[in-house]
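*Asks:*
Numbering (the working numbering), first residue to last: 26 to 366.
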């Protein structure tokens, strides 16, 4: 692929929590890629809306409103390297329809998301909310718990996160089934990999359902009242994908009706979760505040990927995790799986 960008003078605007050595690393990568004069600007969240229209390359994740019409009107931006897997912060209709290339951090933090999934899952099965509340009252009371071994686990979405979770689950004497938009390259850890339109069968068969699918127009509000009714009665739900995939009112109804035995949520439909939400007080629910991808190496790893992709971009190659903007996520053939440049 080719990019209409003068490599003599390039402005790269950053919006993620970099330190000076990260900026220096990006500067060096741009120089190695043949950029004669690379201006690296750490905009932060405070200045990203102001500075983004002047960027040739944007690396980061704007968590504040950005005037994308103004960015597009400026006509300078050629490439977005998101520091997040989710792309609703930048994949607005104007960007989708433009020639701007978008690449993501999909799968970059899959080990951390898998660990978070295990924390939520074991907390549910071993009834930790109840034991923590008893501990706070200094009550030493034995209560029934559940087991992981022997369960059928359904994973909805087999991108980097789904694959990492399946690999971690496979030694636990479970049956793993999964659905995906692109049911290709079935991992050895997965017993059955089906296309996305077989979700209903996965729900009917699964004792535990783990959501790792992307957020797009097809998955927004996917888990509604009807879909919850398709789940096996007494099963568990763990959502480490995007909160808006699950309709909160439908989730509450499924819990109240006993359709599901519990849920672990690292994400919620509205973040932060409203103080009035019934989920807070439910002993069958574990909530963490969207920390699944947190890592002490997060900024380092994000910068490493950005530098690899900078070199590919200026060499006229596709960056890893090149996003299909109509789908809202990378095709598996474009996925970053630890490759070098």
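The C-beta atom is built at its ideal place from N, Cα and C for all residues, glycine as well.
Pick out whichever of 46, 44, 47, 58 has its Cα sitting closest to the Cα of residue 337.
*Replies:* Translated into positions along the chain shown, residue 337 becomes position 312. The residue with the shortest Cα to Cα distance from residue 337 is 58.
*Asks:* Distance, Cα to Cα, residue 50 vs residue 347?
*Replies:* Along the chain shown, read from residue 1 onward, the residue named residue 50 stands at position 25. Along the chain shown, read from residue 1 onward, the residue named residue 347 stands at position 322. Their backbone Cα atoms lie some 22 angstroms apart in a straight line.
*Asks:* Hey, would you say residue 241 sits closer than 8 angstroms to residue 352, going by beta carbons?
*Replies:* On the chain shown, position 216 is the one that residue 241 refers to. On the chain shown, position 327 is the one that residue 352 refers to. In this structure, residue 352 lies closer than 8 angstroms to residue 241 by Cβ.
*Asks:* Can the beta-carbon of residue 179 be found closer than 8 angstroms to that of residue 354?
*Replies:* For the purposes of this step, residue 179 is taken as residue 154 along the chain shown, with counting starting at 1. For the purposes of this step, residue 354 is taken as residue 329 along the chain shown, with counting starting at 1. Contact: no.
*Asks:* Whole angstroms are fine: how far does the CA of residue 276 sit from the CA of residue 246?
*Replies:* Locating residue 246 in the chain shown gives position 221, counting from the first residue. Locating residue 276 in the chain shown gives position 251, counting from the first residue. Roughly 11 angstroms separates the two Cα atoms.
*Asks:* For residue 284, is the classification buried or exposed, using 16 other Cβ atoms within 10 angstroms of its Cβ as the cut-off for buried?
*Replies:* Here residue 284 refers to the residue found at position 259 when the chain shown is read from its first residue. Residue 284 is buried by the Cβ-count criterion.
*Asks:* Which residues share a DSSP beta bridge with residue 217?
*Replies:* In the chain shown, counting from the first residue as 1, residue 217 sits at position 192. Bridge partners of residue 217: 202.
*Asks:* Exposed or buried, which one is residue 55 when buried takes at least 16 other CB atoms within 10 Å?
*Replies:* Looking up residue 55 in the chain shown gives position 30. When all chains shown are included, residue 55 counts as buried.
*Asks:* The beta strand (DSSP E) with residue 372 in it runs from where to where?
*Replies:* The structure shown does not extend to residue 372, since the chain spans only 26 to 366, so no value can be given for it.
*Asks:* Should the region 153-160 be regarded as contacting the region 189-207, the criterion being three or more beta carbon pairs within less than 8 angstroms?
*Replies:* No, they do not touch.
*Asks:* Could you name the residues of the same chain whose beta carbon sits closer than 6 angstroms to that of residue 45, not counting the 5 residues immediately before and after it, in chain order?
*Replies:* Stepping through the chain shown from its first residue, residue 45 is reached at position 20. Around residue 45: no qualifying Cβ.
*Asks:* Ignore the nearest five residues each way along the sequence and tell me which others in residue 332's own chain have a CB closer than 7 angstroms to its CB.
*Replies:* Along the chain shown, one-based indexing puts residue 332 at 307. Cβ within range, chain order: 50, 51, 54.
*Asks:* Measuring only the C-alpha atoms, how far is residue 227 from residue 350?
*Replies:* Along the chain shown, read from residue 1 onward, the residue named residue 227 stands at position 202. Along the chain shown, read from residue 1 onward, the residue named residue 350 stands at position 325. Looking at the two C-alpha atoms, the distance is approximately 27 angstroms.
*Asks:* So the beta strand (DSSP E) residue 64 belongs to, where does it begin and stop?
*Replies:* Counted from its first residue, the chain shown places residue 64 at position 39. Run containing residue 64: 62-67, per the beta strand (DSSP E) assignment.
*Asks:* On a Cα-Cα basis, can you pick out the residue from 130, 119, 33, 85 that is closest to residue 318?
*Replies:* As a working mapping, residue 318 is identified with position 293 in the chain shown. Minimum Cα distance to residue 318 is reached at 130.
*Asks:* Inspect the beta-carbon positions of residue 330 and residue 133 and report whether they are closer than 8 angstroms.
*Replies:* Locating residue 330 in the chain shown gives position 305, where the first residue counts as 1. Locating residue 133 in the chain shown gives position 108, where the first residue counts as 1. Taking 8 angstroms as the Cβ cut-off, residue 330 and residue 133 qualify as a contacting pair.
*Asks:* Judging by CA-CA distance, which residue of 175, 239, 152, 41 is the nearest neighbour of residue 169?
*Replies:* Within the chain shown, residue 169 is the residue found at index 144, counting from 1. Nearest C-alpha to residue 169: 152.
*Asks:* Should residue 137 be labelled buried (16 or more other beta-carbon atoms within 10 Å of its own) or exposed?
*Replies:* Here residue 137 refers to the residue found at position 112 when the chain shown is read from its first residue. Burial call: buried.
*Asks:* Can you tell me whether residue 121 is helix, strand or coil according to DSSP?
*Replies:* If you number the chain shown from 1, residue 121 lands on position 96. Reduced to three states, the DSSP call for residue 121 is helix.
*Asks:* Below 8 angstroms on the Cβ atoms is my guess for residue 107 versus residue 128; work out the distance and round it to an integer in Å.
*Replies:* Position 82 of the chain shown, counted from the start, is the residue given in the question as residue 107. Position 103 of the chain shown, counted from the start, is the residue given in the question as residue 128. The pair is a contact, with the Cβ atoms about 7 angstroms apart (cut-off 8 angstroms).
*Asks:* Leaving out five residues before and five after residue 188 in sequence, what residues of the same chain have Cβ atoms less than 6 angstroms from its Cβ?
*Replies:* As a first step, residue 188 must be located in the chain shown, where it is residue number 163. Cβ neighbours of residue 188 beyond the five flanking positions: 212.
*Asks:* Here's the rule I'm using: 16 or more other beta-carbon atoms within 10 Å means buried, otherwise exposed. How should residue 164 be labelled?
*Replies:* As a position in the chain shown, residue 164 is number 139, starting the count at 1. The residue is exposed, with fewer than 16 neighbouring Cβ atoms inside 10 Å.
*Asks:* Nearest by alpha-carbon distance to residue 79: which of 119, 359, 141, 35 is it?
*Replies:* In the chain shown, the residue the question calls residue 79 occupies position 54. Cα-wise, what sits closest to residue 79 is 35.
*Asks:* Could you please give me the residues that DSSP links to residue 12 through a beta bridge?
*Replies:* Lying before the first or after the last residue shown, residue 12 is absent from the chain, which here runs from 26 to 366.
*Asks:* Using C-beta distances below 6 angstroms, list every residue in its chain close to residue 84, excluding the 5 sequence neighbours before and after it, in chain order.
*Replies:* Start at 1 with the first residue of the chain shown, and residue 84 comes out as number 59. Answer for residue 84: 39, 106, 331, listed in chain order.
*Asks:* Quick check: the Cα distance between residue 196 and residue 90, rounded to an integer number of angstroms?
*Replies:* Against the chain shown, residue 196 aligns to sequence position 171. Against the chain shown, residue 90 aligns to sequence position 65. Near 44 angstroms, if we compare the C-alpha coordinates of residue 90 and residue 196.
*Asks:* Which residue comes first and which comes last in the beta strand (DSSP E) that contains residue 179?
*Replies:* Stepping through the chain shown from its first residue, residue 179 is reached at position 154. 177-181 is the extent of the beta strand (DSSP E) around residue 179.
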